[in-house]
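Heads up: the sequence shown begins at 1 in the UniProt record's numbering, then just goes up one per residue. Notes follow once the structure below has been shown.
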Amino acid sequence: MVSLIRQFAPNWFTTVMGIGIVAGLTYTSPFPIPYQHQIGMILFGMLNVVFLLAFLFWIVRWILHTDEAINDFRHPERALFYGALAMGMNVVGNDYLLIGTHLIHSSIAIEISKVIWVSGTLVSIFTVIVVPYLLFVEHSVEQHQTLATWLIPVVPPIVAAATGTNLIPYWGDINTQFAITAIIIAMFGMTFFLFMMVSALVYARLVYHQRLSGIAAPSLWVEIGPIGMSMGTLSTLPLKTQAIFAPYTNILHGIGLIFSMAMWGVGVWWIIISAMHSIFHMSHRGDGLPFHLGWWSYVFPIGSFTSGTYALGHLVHDSFFTFAGLIQLAILWGCFVIVFVRTASGVWKGTLLQWKISQPKPQVDTQNQKTA
Numbered sequence: 001m002v003s004l005i006r007q008f009a010p011n012w013f014t015t016v017m018g019i020g021i022v023a024g025l026t027y028t029s030p031f032p033i034p035y036q037h038q039i040g041m042i043l044f045g046m047l048n049v050v051f052l053l054a055f056l057f058w059i060v061r062w063i064l065h066t067d068e069a070i071n072d073f074r075h076p077e078r079a080l081f082y083g084a085l086a087m088g089m090n091v092v093g094n095d096y097l098l099i100g101t102h103l104i105h106s107s108i109a110i111e112i113s114k115v116i117w118v119s120g121t122l123v124s125i126f127t128v129i130v131v132p133y134l135l136f137v138e139h140s141v142e143q144h145q146t147l148a149t150w151l152i153p154v155v156p157p158i159v160a161a162a163t164g165t166n167l168i169p170y171w172g173d174i175n176t177q178f179a180i181t182a183i184i185i186a187m188f189g190m191t192f193f194l195f196m197m198v199s200a201l202v203y204a205r206l207v208y209h210q211r212l213s214g215i216a217a218p219s220l221w222v223e224i225g226p227i228g229m230s231m232g233t234l235s236t237l238p239l240k241t242q243a244i245f246a247p248y249t250n251i252l253h254g255i256g257l258i259f260s261m262a263m264w265g266v267g268v269w270w271i272i273i274s275a276m277h278s279i280f281h282m283s284h285r286g287d288g289l290p291f292h293l294g295w296w297s298y299v300f301p302i303g304s305f306t307s308g309t310y311a312l313g314h315l316v317h318d319s320f321f322t323f324a325g326l327i328q329l330a331i332l333w334g335c336f337v338i339v340f341v342r343t344a345s346g347v348w349k350g351t352l353l354q355w356k357i358s359q360p361k362p363q364v365d366t367q368n369q370k371t372a
């Protein structure tokens, strides 16, 4: 168990992100699906178990292996995944609002959602400041090492913004709702600005350096995550802030509509480019796609884009985006099943987490072999 905890790095919270987004999108699908609520509830239960285990392992690792935990921040790749912790918390909190309110007393579920959202927001602010700062002053990287995974620590504020938008009406008086809305818009601006800069670096790396390896190819899908969350934030704000910005509701509606449709087009482009990279490496010309935890990049970013499509559909009330959301949900489920099964298999076999006690190999009597 001690060895297991030592290995438990923050990148394991990507599983929390993936399970949580699939649960919420399945439960709230605007296109009726057989047993969607039952499936969503089952995944919600699984999400709570996985999140609690992951959070417990992470805390115990800080207690028992403090040096190992601190070393995560000294490593330019491992430090990135503290963003996964923040986003995982925000997804769990959002699912308590979407699904938990139908399983336990709604007021309790909403309070749990708010507490987790505040906690996730604080961790999000921590990651978006600390991890880039370490990259600027401590870590040593080359241009060819630029990957879309650099978005992982800067994306959490926009995930907190998108999930927090749903909670705006539950914050009591108008003044509190306005303060929360101001924080949400500020977090949106913070992440969107950083998303544009990091995306430019990723594009430049794709142009000026050799192609991504099969191991790195799944990372391209991370680009789709902030696109979907930005759509979700600006498409939902006009619907949740009518009591605060009544005179500007139509303006916000127009901004959300135009912005989200434009970003939907950007998201489709990134999906096609990312898919082409994955397909290339599955061909005889590529390196193959060896499985690792980075494959969860096929799940949460697609889920984020699907949630943005849902939000855009609710804003415009058009069947096109309802149907598009259904197609995206089907693709998401296909990716989720593959990645979840491969992850469970990797854990069980001990290839992702080395927890099995290796059996000593039987000694061979070489002297007798030579005599024979």
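We put the beta carbon where it would ideally sit given N, CA and C, even for glycine.
At the C-beta level, residue 153 and residue 121 stay beyond 8 Å of one another. Given a length threshold of 4 residues, the segment 240-267 has no whole run of the alpha helix (DSSP H) inside it. Put simply, the segment 9-28 touches the segment 47-60. At least three CB pairs are less than 8 Å apart.
By the criterion of at least three beta-carbon pairs nearer than 8 Å, the segment 201-220 is not in contact with the segment 233-244. For residue 165, the uninterrupted alpha helix (DSSP H) segment begins and ends at 156-167.
Shown here for residue 162: same chain residues with a beta carbon closer than 6 Å to its own, the five before and five after excluded, namely 229, 232, 233 in chain order. For the pair of segments examined, the segment 246-256 was found not to touch the segment 280-289: the number of CB pairs separated by less than 8 Å stays below three. Between residue 321 and residue 306, the C-beta gap is not smaller than 8 Å, which leaves the two residues out of contact.
Going by DSSP, residue 294 is part of no alpha helix (DSSP H) at all; its letter is neither H nor E.
Between residue 224 and residue 132, the C-beta gap is not smaller than 8 Å, which leaves the two residues out of contact. Contact between residue 167 and residue 221 does not hold, since their C-beta atoms are separated by about 27 Å, which reaches or exceeds 8 Å. Under the 10 Å beta carbon count, residue 27 is surrounded by 16 or more other beta carbons and is classified as buried.
For the options 25, 32, 71, 20, the alpha carbon positioned closest to that of residue 46 is the one of 20. By the neighbour-count criterion, in which a residue is buried when 16 or more other Cβ atoms sit within 10 angstroms of its Cβ, residue 66 is exposed. Buried is the label assigned to residue 194, since at least 16 other Cβ atoms lie within 10 Å of its Cβ. In this structure, residue 346 lies near residue 291, with their beta-carbon atoms less than 8 Å apart.
The beta-carbon separation of residue 84 and residue 149, rounded to 10 Å, does not stay under the 8 Å limit for a contact. Here the alpha carbon of residue 342 sits roughly 12 Å from the alpha carbon of residue 294.
Secondary structure of residue 8 (DSSP, three-state): coil.
With fewer than 16 other beta carbons inside 10 angstroms of its own, residue 74 counts as exposed. Counting only the Cα atoms, residue 176 lies some 40 Å from residue 5.
Counting other Cβ atoms within 10 Å of its Cβ, residue 219 reaches 16 or more and is therefore classed as buried. In chain order, 177, 240, 243 place their CB closer than 8 Å to the CB of residue 169, counting only its own chain and leaving out the 5 sequence neighbours on each side.
In this structure, residue 158 places its C-beta atom within 8 Å of the C-beta atom of residue 191. Residue 180 has its alpha-carbon roughly 26 Å from the corresponding atom of residue 23. Within the same chain, 116, 119, 120, 123 come within 7 Å of residue 89 by CB-CB distance, once the 5 residues on both sides are set aside. In the structure shown, the three-state DSSP call for residue 74 is helix. Here the C-alpha atom of residue 248 lies approximately 14 Å from the C-alpha atom of residue 235. In this structure, residue 146 places its C-beta atom within 8 Å of the C-beta atom of residue 205. For residue 143, the closest of 82, 93, 209, 39 by C-alpha to C-alpha distance is 209. In terms of Cα proximity to residue 326, the closest of 36, 277, 337 is 36.
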